[in-house]
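First comes the structure, then the notes that go with it.
In structure tokens form, the structure reads like this:
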């Protein structure tokens with residue numbers, strides 16, 4: 001697919017970009033290269049390849065969820081400057 005300078009100018013105007021003539025030429029060439037690379041990828045035979053296939057085997061690495069004793073709430077709050085209903089009380093900052 002060929003990208004024209006007019007298409008680059010159109011996208012630049014949509015993005016509210018002011019491009020110089022040199023930048024327009026450069027982006028036209030770069031976009032053509034990107035699309036050529038994507039076209040090259042389309043030539044690959046992907047028949048029978050799962051969409052989520054990986055080069056190396058991947059497995060779930062999560063550990064089992066184990067319940068453990070927590071910290072004592074009163075001990076945690078003993079040095080709090082202000083507390084309310086077993087929680088830290090902080091000053092209101094939203095008006």
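Numbering (our numbering), first residue to last: 1 to 95.
Yeah, the Cβ is synthetic: ideal placement off N, Cα and C, and Gly gets one too.
Task: 8 Å Cβ cutoff met for residue 32 and residue 68 - done: No, Cβ-Cβ distance for residue 32 and residue 68 is not below 8 Å.
Task: Simplified DSSP state of residue 27, which is helix, strand or coil - done: The three-state secondary structure of residue 27, taken from DSSP, is helix.
- [ ] Write down the C-beta distance between residue 80 and residue 88 rounded to the nearest angstrom, noting that I regard them as a contact closer than 8 Å.
- [x] At roughly 5 Å, the Cβ-Cβ gap stays under 8 Å, so residue 80 and residue 88 are in contact.
- [ ] Give the single residue among 93, 92, 94, 74 whose Cα lies nearest to the Cα of residue 85.
- [x] Nearest of 93, 92, 94, 74 to residue 85, Cα basis: 74.
Task: residue 55, buried or exposed, once every other Cβ within 10 Å from all chains shown has been counted against 16 - done: Under the 10 Å beta carbon count, residue 55 is surrounded by fewer than 16 other beta carbons and is classified as exposed.
Open item on the list: Helix, strand or coil for residue 83? Go by DSSP, reduced to three states.
Closed with: DSSP places residue 83 in strand when its eight states are reduced to three.
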